[in-house]
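Once you know that position 369 of the sequence shown is 400 in the working numbering, the rest is easy, because the numbers rise by one and skip nothing.
Just so you know, even glycine gets a beta-carbon here, dropped at the ideal spot from N, CA and C.
The structure appears below as structure tokens.
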Amino acid sequence: MLLELRVRGLAVIESAQCEFQGGLNVITGETGSGKSVLLAALGLALGDRGDPQMVRQGAGRALVAATFTWPEDQTEQLAALGVAPAEVLVLTRELGPRSPARINGGLVPASQLRELGERLVERHGQGTASRWLRESDQRAGLDGYAGGRALELRSSVAELERQHRLVAQRLAVARDRNLAEASNLAMARSDLAELEAARLVPGEDDRLSEERERLLHLARLREAAEGLRRVVAGSDAEPGAADAIATELQAGRPAFAIDPELDRSRTQAEDALAILRDLGLQLGSYLERLPLDQDRLEEVEERLQLLERVARRHGGSLEEAIRRREAARQLLAAEGTAGLDLRELEAQLEELGERLATCCQELTDIRSRAASQLAAEVTADLHQMLMPAAELQVQLWQDEDPEGVPGPGGVRYRVSADGWDRVRFLLAANRGDPLRPLTEAASGGELSRVVLAVLARLSIRAEAQTVVFDEIDEGLGGEAANRVGDLLLQVAGQRQVICVTHLATIAARGERHLRVLKSELQGRSLSHLEAVEGEARVDELARLLAGEATPTAARSHAAELLAAVGAGVPTSGGRDG
32 MLLELRVRGL
42 AVIESAQCEF
52 QGGLNVITGE
62 TGSGKSVLLA
72 ALGLALGDRG
82 DPQMVRQGAG
92 RALVAATFTW
102 PEDQTEQLAA
112 LGVAPAEVLV
122 LTRELGPRSP
132 ARINGGLVPA
142 SQLRELGERL
152 VERHGQGTAS
162 RWLRESDQRA
172 GLDGYAGGRA
182 LELRSSVAEL
192 ERQHRLVAQR
202 LAVARDRNLA
212 EASNLAMARS
222 DLAELEAARL
232 VPGEDDRLSE
242 ERERLLHLAR
252 LREAAEGLRR
262 VVAGSDAEPG
272 AADAIATELQ
282 AGRPAFAIDP
292 ELDRSRTQAE
302 DALAILRDLG
312 LQLGSYLERL
322 PLDQDRLEEV
332 EERLQLLERV
342 ARRHGGSLEE
352 AIRRREAARQ
362 LLAAEGTAGL
372 DLRELEAQLE
382 ELGERLATCC
392 QELTDIRSRA
402 ASQLAAEVTA
412 DLHQMLMPAA
422 ELQVQLWQDE
432 DPEGVPGPGG
442 VRYRVSADGW
452 DRVRFLLAAN
462 RGDPLRPLTE
472 AASGGELSRV
482 VLAVLARLSI
492 RAEAQTVVFD
502 EIDEGLGGEA
512 ANRVGDLLLQ
522 VAGQRQVICV
532 THLATIAARG
542 ERHLRVLKSE
552 LQGRSLSHLE
562 AVEGEARVDE
572 LARLLAGEAT
582 PTAARSHAAE
592 LLAAVGAGVP
602 TSGGRDG
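Given below as structure tokens:
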């Protein structure tokens, strides 16, 4: 769950700190006040690619830090991601000339931040790739809707599929073993002794060949690399191309805003500058890796000769020699069980296949019923959310596989730990539209509403305990907005929900209400955040209902909205707008 977000020096936000809580958190503010910047800041903390242009002018760099709680019973998942177990995680990201990422203070690659971010937050809105576009997540969502027996069967199928796969592997090894004659075993021992001694590594011959070429031409390579780096990055005596471009970009900055065509050239120049700086770093790294003497050349030549002899004796290539080494290992590992009865393993495999097929078929039956019910319920919700002609269907099918488990009618199906079903959500957003996958049929707002309707019906605990919705209320009002608000509350009963909204009917349902305000300081735009409660919250809802004038009728309506959802704010004592 997201506890806190701190932002400094990002676009219109000079410095901001906001705290969140469980349940439904709503964020409101005027158009252009900085709500999108706030979501972009969260995205940076979750590993999104950063744009240095977002750094506030004069700030030098931007800093974003997001603090999350992590479930105590899932610490092994953190270890799998390479993160030290902790109950609180602080994800930090800087944006500037360098953009380091940190988890609890330790430097990590941005990719690791992204992977952890997907486990922490599920985001829906314009410019975010919803995890619900993936078939695997759609299947998991269908099972979460079915609940109960479906979840039990998923667990049973996963265990049976594991056992079935292991027995199939053992059977294949046993068959190969029984076909091997004593001479083959002796040959395998001899080959393995030579191959193990050679310590073969995939691709080593190619890497050594490249290294030999470098060593043979070491002086020329060093001279060429140093010359190119001097031109690109400069030296102590004179600047390089990168420095020259940077100087001219800085000098010409006041003029770029005058002419859009010149400004486009500025963008191209900045791209070229980034490429040149990267090139300078690459060349420096290349020079550092070049050996300082020729002693290494003799070692490389000897190793290449050995690899060539081994490859010539064992299939003609290093890859084939490595494959034969692994085959010899497996053959010798199975030698001690030469008397194992193949029929026993075959019987085990058949019995496991029948049990697996039974569970898969029962899971298919449950999924089929749940698919129809879920599609009908989500479709009904979409009709109430200004998609009156929308239709959602949940498609199930299986892939045939000659090596799979036997299904109905003797057909064999490919099976995984999730069963043999493939699942796909299909949507027709408008009357006359064909049913298409969500990736092709739904806009950002439409997809968010589909996801919201599905999330409200899940009976299992989701991996990401925070859900962010942006633009879900675009174009909504009246009963459609009320239905979105009700569904948001349903989801917030199980997970933390953060929703950016411009509708009072949704904002009134929030258990925590944050407002983004925009002002000017010394001629520059400045945004800040504040939590609104009591009369201030009534004022904000009234603004959403009637604009800045906040007339008495709007304040009265705002207070009634809060009272209707249990906030208990008095409707009397309002002021005229």
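Limits of the alpha helix (DSSP H) - the one that residue i falls within
i, result
"residue 456", "Taken as a continuous stretch (DSSP letters only), residue 456 belongs to no alpha helix (DSSP H), being part of the beta strand (DSSP E) at 453-459."
"residue 60", "From DSSP, residue 60 is part of no alpha helix (DSSP H) but of the beta strand (DSSP E) over 55-60."
"residue 287", "272-287"
"residue 426", "No alpha helix (DSSP H) contains residue 426, which is instead part of the beta strand (DSSP E) from 422-428."
"residue 398", "373-414"
"residue 363", "349-364"
"residue 504", "Careful: residue 504 lies outside any alpha helix (DSSP H) and carries neither H nor E."
"residue 434", "That residue, residue 434, is in no alpha helix (DSSP H); its beta strand (DSSP E) goes 431-437."
"residue 583", "583-595"
"residue 106", "106-111"
CB of residue i within 8 Å of CB of residue j, strictly
i, j, result
"residue 547", "residue 58", "yes"
"residue 574", "residue 593", "no"
"residue 394", "residue 163", "no"
"residue 479", "residue 500", "yes"
"residue 576", "residue 589", "yes"
"residue 427", "residue 410", "no"
"residue 349", "residue 231", "yes"
"residue 345", "residue 334", "no"
"residue 626", "residue 502", "No statement about residue 626 is possible, as the shown extent of the chain runs from 32 to 608 and does not include it."
"residue 43", "residue 549", "yes"
"residue 77", "residue 145", "yes"
"residue 342", "residue 308", "no"
"residue 106", "residue 34", "no"
"residue 634", "residue 85", "Outside the displayed range of the chain (32 to 608) lies residue 634, so it cannot be described from this structure."
"residue 338", "residue 267", "no"
Contact set for residue i: own chain, Cβ-Cβ below 7 Å, skip 5 residues either direction
i, result
"residue 487", "518, 521 and 522"
"residue 46", "39"
"residue 239", "331, 334 and 335"
"residue 507", "416, 417, 515 and 534"
"residue 602", "In this predicted model, residue 602 has a pLDDT of only 36, less than 50, meaning its place in the structure is not dependable; the value taken from the coordinates is given anyway. Excluding positions up to five away in sequence, the list reads 587, 590, 591 and 594."
Residue i burial status per 10 Å Cβ neighbour count (16 or more: buried)
i, result
"residue 375", "exposed"
"residue 125", "buried"
"residue 313", "exposed"
"residue 65", "buried"
"residue 62", "exposed"
"residue 75", "buried"
"residue 463", "exposed"
"residue 89", "exposed"
"residue 119", "exposed"
"residue 319", "exposed"
"residue 56", "buried"
"residue 79", "buried"
"residue 552", "exposed"
"residue 442", "exposed"
"residue 278", "exposed"
"residue 400", "exposed"
"residue 281", "exposed"
"residue 661", "Nothing can be reported for residue 661: it is not among the residues displayed for the chain, which extend from 32 to 608."
Straight-line Cα distance separating residue j from residue i
i, j, result
"residue 111", "residue 497", "21 Å"
"residue 425", "residue 408", "12 Å"
"residue 445", "residue 390", "14 Å"
"residue 289", "residue 283", "11 Å"
"residue 432", "residue 154", "36 Å"
"residue 227", "residue 361", "14 Å"
"residue 453", "residue 430", "8 Å"
"residue 351", "residue 217", "19 Å"
"residue 203", "residue 353", "20 Å"
"residue 558", "residue 71", "14 Å"
"residue 529", "residue 572", "17 Å"
"residue 460", "residue 168", "21 Å"
Endpoints, the beta strand (DSSP E) within which residue i is located
i, result
"residue 47", "44-50"
"residue 544", "543-552"
"residue 309", "Element bounds for residue 309: not the beta strand (DSSP E) but the alpha helix (DSSP H), 291-320."
Cβ-based neighbour list, residue i, same chain, cut-off 8 Å, excluding 5 preceding and 5 following
i, result
"residue 397", "177, 180, 181 and 184"
"residue 447", "192"
"residue 387", "188, 191, 192, 195, 436 and 446"
Sequence-distant residues of its chain with Cβ nearer than 6 Å to residue i (five each side left out)
i, result
"residue 37", "48 and 96"
"residue 147", "112"
"residue 363", "219"
"residue 52", "543"
"residue 109", "116"
"residue 406", "423, 424 and 425"
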